[in-house]
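Undergrad:
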Amino acid sequence: MSYGLQAVIGAEDVLRKVAAEQPGAVVVPLRQGFALIPMTDELFDAATDGSRGDGLRFWKLPGGFENVLSNWSKAGPLGYVEADYLGGVGTQRAALWARGELAIGPMYVGEHEPFPAIGSPISQVLAHLGAIRRRRDADEFVSVGLDRCRGTDEWLDVDARTR
4 MSYGLQAVIG
14 AEDVLRKVAA
24 EQPGAVVVPL
34 RQGFALIPMT
44 DELFDAATDG
54 SRGDGLRFWK
64 LPGGFENVLS
74 NWSKAGPLGY
84 VEADYLGGVG
94 TQRAALWARG
104 ELAIGPMYVG
114 EHEPFPAIGS
124 PISQVLAHLG
134 AIRRRRDADE
144 FVSVGLDRCR
154 GTDEWLDVDA
164 RTR
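With the first letter of the sequence shown counted as 1, position 138 gets the number 141 in this note's numbering; the numbers rise by one all the way through.
(1) In its own chain, which residues sit with a C-beta less than 6 Å from the C-beta of SER73, not counting the 5 before and 5 after it?
(2) For the alpha helix (DSSP H) holding GLN127, just list the boundary residues, first then last.
(3) Distance, Cα to Cα, ALA134 vs ASP48?
(4) Is any heavy atom of the ligand GTP found at a distance shorter than 7 Å from the C-beta of PHE47?
(5) So, using beta-carbon positions, are LEU177 and GLY13 closer together than 8 Å?
(6) Classify TRP62: buried if its beta carbon has 16 or more other beta carbons within 10 angstroms, exposed otherwise.
(7) Could you name the residues that DSSP lists as bridge partners for ASP1?
(8) As an exercise, report each continuous beta strand (DSSP E) stretch of at least 3 residues that is fully enclosed by the region 30 to 95, in chain order.
(9) Determine, using beta carbons only, whether LEU159 and THR43 come nearer to each other than 8 Å.
(10) Between the Cα of PRO109 and those of ALA120, ALA97 and HIS115, spot the shortest distance and give me the residue it belongs to.
(11) According to DSSP, which residues form a beta bridge with GLU104?
(12) Which same chain residues end up closer than 6 Å to PRO26 when comparing Cβ atoms and leaving out the 5 residues on each side of it in sequence?
(13) How would you call PRO117, buried or exposed, if buried means at least 16 neighbouring beta carbons within 10 angstroms?
(14) Apart from the five residues just before and just after ARG166, which ones in its own chain have a Cβ nearer than 6 Å to its Cβ?
(15) Give me, in chain order, the residues of the same chain whose beta-carbon lies closer than 8 Å to that of ASP156; leave out the 5 immediate sequence neighbours on both sides.
(16) Name the DSSP beta bridge partners of SER5, please?
(17) Secondary structure at ARG166, three-state DSSP: helix, strand or coil?
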């Protein structure tokens with residue numbers, strides 16, 4: 004089974020505010036007051052400034068979008084996360100912006116590398132954003148509901164169902 008995610012994550016009220024400025028941005032609610040903006044092809048095309056955009060070594064971060072994230076983070080901290088798994092093997096990368104600056108990361112865990120004791124890159128970003136690991140959940144990733152969909156574009160279906 005595969006899992007893929009490329010998204011901006013933050014407090015729902017912050018993401019709703021900043022998404023209004025960005026064509027192609029769709030805000031999808033998560034648990035604990037969080038939301039995500041899936042990095043769809045439409046958003047990628049609308050957000051890129053034409054540069055390579057691989058300075059932070061994310062797979063699907065549009066050129067120049069790190070400047071957008073920096074600006075958005077003035078309204079509240081937010082993370083950009085990517086995960087790509089097939090059959091339980093894959094990679095994760097995450098970074099956190101706050102107060103207009105890259106505050107943490109990017110953090111990266113490659114294929115066949117164990118997560119650090121403090122959690123996966125995505126769980127670490129979620130913890131810094133204030134996510135709380137519930138007793139029955141494995142980590143912050145599950146606690147906020149990132150396990151509900153298997154692919155980035157599937158989040159748009161979740162958004163359509165919640166409207």
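We put the CB at the ideal spot given by N, CA and C, even for glycine. Owing to the predicted nature of the structure, the values given are computational and were not obtained by experimental measurement.
TA: According to the structure shown:
(1) These residues qualify, in order along the chain: TRP100 and GLY103.
(2) Residues 124 to 132.
(3) Distance between the alpha carbons of ALA134 and ASP48 is about 30 Å.
(4) Judged by which ligands are present, the structure shown has none, so any question about the ligand GTP falls away.
(5) Nothing can be reported for residue 177, as the shown portion of the chain is limited to 4 through 166.
(6) By the neighbour-count criterion, in which 16 or more other beta carbons inside 10 Å mark a residue as buried, TRP62 falls on the exposed side.
(7) Nothing in the structure corresponds to residue 1, since the chain is present only between 4 and 166.
(8) As far as the region 30 to 95 is concerned, its whole beta strand (DSSP E) runs of at least 3 residues are 37 to 41 and 81 to 89.
(9) Contact flag set, yes.
(10) The option with the nearest alpha carbon to PRO109 is ALA97.
(11) Partner(s): ALA101.
(12) In its chain, beyond the 5 residues on either side, ALA49 have a beta carbon closer than 6 Å to the beta carbon of PRO26.
(13) PRO117 counts as exposed, since fewer than 16 other beta carbons sit within 10 angstroms of its beta carbon.
(14) Low confidence applies to ARG166: its pLDDT is 48, below 50, so where it sits in the model is not reliable, and the reading given next is rough at best. If we look at ARG166 and ignore the five residues flanking it on each side, it has no Cβ neighbours.
(15) For ASP156, the CB contacts under 8 Å within the same chain, skipping 5 residues up- and downstream, are PRO41 and THR43 in chain order.
(16) As DSSP reads the structure, SER5 sits in a beta bridge with LEU89.
(17) Because ARG166 sits at a pLDDT of 48, beneath the cut-off of 50, its placement in the model cannot be relied upon, and the point is left open.
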